[in-house]
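Undergrad: Below: one structure in structure tokens.
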Amino acid sequence: MSWVEAGGGAVLYSHSVVYRNDLPPFGEQVPYIAAMVDLDEGPRMMTRVVDCAPDQLSIGMRLSFRTEAVTDEVTMAVFAPELL
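Heads up: the sequence shown is residues 1 to 84, going by the UniProt record's numbering.
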């Protein structure tokens, strides 16, 4: 097994809006969109979708990788709708 650099593209596989999460720091960020995405390279991963209202999401839509600072010490991989 070896590391492979990903290009940053993905397709939305499924999603759900989270209204309650008691684990810090996520409880402070509700509501948020939890999602499963299929990376262009093949693997499926759990992530969050940002910069999009839940009613704008559709299964199969293209998403692009971004990073988001959760705290001063933690940065998380998130995805947003791909700009056309």
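We treat Cβ as the ideally placed atom computed from N, Cα and C, and that holds for glycine.
1) So D38 is in the beta strand (DSSP E); what residue range does that whole segment cover?
2) Whole angstroms are fine: how far does the CA of R48 sit from the CA of V18?
3) Which stretch, first to last residue, makes up the beta strand (DSSP E) that contains R20?
4) On the CB-based measure, 16 or more other CB atoms within 10 Å of its CB, does A69 come out buried or exposed?
5) Name, in chain order, the residues that DSSP records as bridge partners for G9.
6) For the beta strand (DSSP E) containing P81, name the first residue and the last one.
TA: Looking at the atomic coordinates:
1) Taking the sequence shown and counting its residues from 1, the one referred to as residue 38 is at position 38. Taken as a continuous stretch (DSSP letters only), the beta strand (DSSP E) holding D38 covers Y32 to L39.
2) For the purposes of this step, residue 18 is taken as the residue at position 18 of the sequence shown. For the purposes of this step, residue 48 is taken as the residue at position 48 of the sequence shown. C-alpha of V18 to C-alpha of R48: approximately 10 Å in a straight line.
3) As a working mapping, residue 20 is identified with position 20 in the sequence shown. For R20, no beta strand (DSSP E) segment is defined, and its DSSP state is neither H nor E.
4) Working through the sequence shown from its first residue, we reach residue 69 at position 69. Exposed, since its Cβ has fewer than 16 Cβ neighbours within 10 Å.
5) Start at 1 with the first residue of the sequence shown, and residue 9 comes out as number 9. Per DSSP, S64.
6) The residue you call residue 81 lines up with position 81 of the sequence shown. T75 to P81 is the span of the beta strand (DSSP E), which, as asked, contains P81.
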